[in-house]
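Residue numbers (our numbering), protein chains in the order written: chain A, 16 to 365; chain U, 16 to 365.
Now the structure itself:
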């Protein structure tokens, strides 16, 4: 069997099964949570890494080096945020094609400096090697947390809520890909194809907001700590889309999550984009990945305080569902009927 | 300018220059040492990562998955050893071609379990993504150390010594590459080419020892702690070959290292291999990389104790030179004349 036929979550189980004893000895071990927790003399440290591959997670044609540095660092820091932790420092592993220009690398590091400063994390070092393949980079983050919030702590009776708005990153990716095709068609003088690929029905402001959401996500570090203080029982970041990640929280917590599709906070520009494409905007938002918003379960009595405190720092918190005994995660329509939401991140190859 | 035109050490300086403030705040920061040191409330932690790329650092045809896991983990742990540290745990970032078999990945994790058990390090997790390119993996190690030995501490009057024997890994790599060509020629029925590529003049025992040295290096974790206890002033691991790494120690310590080529402990099987190839065995050993032995500077009065204690655990320690005021690292022949040694690891693309 090829790796392309295997679900991403299956690969994690495969690793755990084979590693056996080598994976033991952690408060929270490999594959179970957004970050591993290791305790050293009473202090809890978080460890996480996130790999981005050119041609899979980004394209050089539409991802300028400073945006790549920002996005890659944000994605890794988001895993620390998901556990209500604080980053200590980052290491970076870079595999770069020999033919890449030195200017590209300089621009990458300049961008990394800005991003690291923005999120208050220091860059402790790394490894740079040449590669016959695409650009591949991994950020490793060492973080700390006093009271980590796991994805496995949701309890029946909890409210399910989400920070920010969803779907913008997915729409931004579509726009970037389409713009590339538009640009290529123009270069090839194929006006008819260029016409088809053009972005119509969106203002420049919409396009900018969506592209920005995709290239420059922000880890919800402060928000996560506030949610933890407001009694969050379970938390994770939305990297693979609400549809898939909610199922993961349900499975980890051994409960059933019911999410009312009508309450999912779709990003207004993403909503316009989805309509333009003839897609259901709420499904679009629920499927879309790389929003790096927080999915959180918390007791109903904590909701108002959490909403209020997050509003103070400009972050919406929207209740979208509830936790019950049972298993899985289900989306329901206005009449309580189940709505199937596909996840675009089901397979390793996807 | 392309990256292939830039010296590896230049890339490190480029990163440091661009990162600026983002790279500050460490006892020992990015690119200066084998691992970065970060202090958290009085405890010193080591952070390091090491990337291996298929087609650059190994080939799937001659590197079975368990050996790859072993070698990659060893190379990273060797950076922790180089600072006299102890590993706490490892994270792994894996970029894998979609078409790779699940069996490959299973064998890799099985091998990782064995290696992690052997070196007493736990695997805390990681990230696995698909890639249109070659297999790329990075191990990230969190370690601890009470009194790190830096590469920058060598002082005039110190002895320069090296653990183990050198050149075996380089010879092993040549044999693996040659066997691949031999095998291909045989497959293509080109007996004349196969004859040329065949390994002659080496016993099966020699071949096995050299291939084992390349595929299954061992980080000198215990040895490094003993050397630290015996007063080592500077230490680093030999990953890019004695010729290049000695220059790095000289530069970091702001001293001049003189190494007597005749005292370099060449591995006996590597010596046979080099002679067979018509090469100078000592130069071959001094140039060769990936030995993961320790290069150490220590005061003369610490040498006997260090030799004795390392001998007890089966590790030779050979004095090969001395430290003086000045700069650089020089190899000298029997009459004290300088011998130029090229490094095969000069360029990013090499």
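A virtual CB, placed ideally from N, CA and C, is assigned to each residue, including glycine.
If I'm right that residue 299(A) touches residue 216(A) with Cβ under 8 angstroms, what's the distance once you round it to whole angstroms? Their Cβ separation, rounded to whole angstroms, is 15 angstroms, which puts residue 299(A) and residue 216(A) out of contact at 8 angstroms.
Alpha helix (DSSP H) runs wholly inside the region 50-108 of chain A, at least 4 long, in chain order: Taking only runs of at least 4 residues, the alpha helix (DSSP H) segments lying wholly in the region 50-108 of chain A are 80-96.
From the DSSP output, in three-state form, read off residue 283(U) for me. helix
Scan the region 58-76 of chain U for residues whose Cβ lies nearer than 9 angstroms to a Cβ of chain A and list them as they occur along the chain. 58, 60, 62, 63, 64, 65, 66, 67, 68, 69, 70, 71, 72
Where residue 94(A) falls, given that 16 or more other Cβ within 10 Å makes a residue buried: buried
Under 8 angstroms between C-beta atoms of residue 96(U) and residue 236(U): Closer than 8 angstroms, so yes.
Looking at the strands, I want to know which residues DSSP matches up with residue 271(A). Looking at the DSSP output, residue 271(A) bridges to 339(A), 343(A).
Cutoff 8 angstroms: residue 155(A) Cβ touching any chain U Cβ: yes
Check whether the Cβ of residue 124(A) lies closer than 8 angstroms to any Cβ atom in chain U. yes
Along the chain, which unbroken stretches of the alpha helix (DSSP H) at least 4 residues long are found entirely within the region 187-273 of chain U? 206-212, 219-230, 236-244, 257-268
is_contact[residue 142(U), chain A] using C-beta, thresh 8 angstroms: By this cut-off, residue 142(U) is an interface position.
For residue 249(A), decide whether its Cβ has a neighbour in chain U, counting only Cβ atoms nearer than 8 angstroms. no
Quick one: Cα of residue 74(A) to Cα of residue 206(U), how far? 45 angstroms
Grab the span of the beta strand (DSSP E) containing residue 129(A) for me, first residue to last. Where residue 129(A) is concerned, there is no enclosing beta strand (DSSP E), although the alpha helix (DSSP H) it sits in stretches over 117-134.
Classify residue 16(A): buried if its beta carbon has 16 or more other beta carbons within 10 angstroms, exposed otherwise. Classification for residue 16(A): exposed.
Does any residue of chain A bring its CB to less than 8 angstroms from the CB of residue 16(U)? Any Cβ of chain A closer than 8 angstroms to the Cβ of residue 16(U) would place that residue at the interface, and such an atom is present.
Selection of the region 100-125 of chain A by Cβ proximity to chain U, strictly under 7 angstroms: 103, 104, 106, 108, 110, 111, 113, 114, 115, 116, 117, 120, 121, 124, 125
Counting C-beta neighbours from all protein chains within 10 Å, is the total for residue 238(U) 16 or more, i.e. buried, or is it exposed? buried
Cβ separation of residue 190(A) and residue 226(A), assumed to be a contact under 8 angstroms, to the nearest whole Å: 6 angstroms
C-alpha distance - residue 125(A) paired with residue 24(U), whole-angstrom precision: Whole-angstrom Cα-Cα distance: 18 angstroms.
For residue 100(U) versus residue 158(U), is the C-beta distance shorter than 8 angstroms? yes
In terms of residue numbering, what span does the alpha helix (DSSP H) encompassing residue 319(U) cover? 315-327
Does DSSP put residue 165(A) in a helix, a strand or coil? coil
In chain A, what lies closer than 9 angstroms to residue 128(U) by C-beta? 33, 34, 35, 36, 37, 38
Can you confirm whether residue 95(A), when its beta carbon is compared against all beta carbons of chain U, has any partner nearer than 8 angstroms? no
Residues near residue 282(A) in its chain [Cβ-Cβ closer than 6 angstroms; skip 5 each side]: Here residue 282(A) has 180, 182, 183 as same chain residues with Cβ atoms under 6 angstroms from its own Cβ, once five neighbours each way along the sequence are excluded.
To the nearest angstrom, report how far apart residue 107(A) and residue 351(A) are at their CA atoms. 46 angstroms
Are the C-beta atoms of residue 29(A) and some chain U residue less than 8 angstroms apart? yes
Starting from residue 24(A), trace the alpha helix (DSSP H) in both directions and tell me its first and last residue. 23-34
Taking Cβ to Cβ, would you say residue 249(U) is nearer than 8 angstroms to residue 311(U)? Judged by beta-carbon spacing, residue 311(U) lies within the 8 angstroms limit of residue 249(U), meaning their Cβ atoms are closer than that value.
Give me the residue from 296(U), 278(U), 276(U) with the minimum Cα distance to residue 284(U). 296(U)
Looking only at C-alpha atoms, which of 242(U), 72(U), 29(U) sits nearest to residue 118(A)? Selected option, being the one with the closest Cα: 29(U).
If you draw a straight line from the alpha carbon of residue 338(U) to that of residue 160(U), how long is it in whole angstroms? Taking the straight line from one Cα to the other gives about 26 angstroms.
Please classify residue 319(A) as buried or exposed, where buried requires at least 16 other C-beta atoms within 10 Å of its C-beta. exposed
Counting only the same chain and skipping the five closest in sequence on each side, list residues whose C-beta sits under 8 angstroms from that of residue 345(U). The beta carbon of residue 345(U) sits closer than 8 angstroms to those of 271, 272, 273, 274, 353, all from its chain and outside the five residues before and after it, given in chain order.
So for residue 278(A), helix, strand or coil by DSSP? helix
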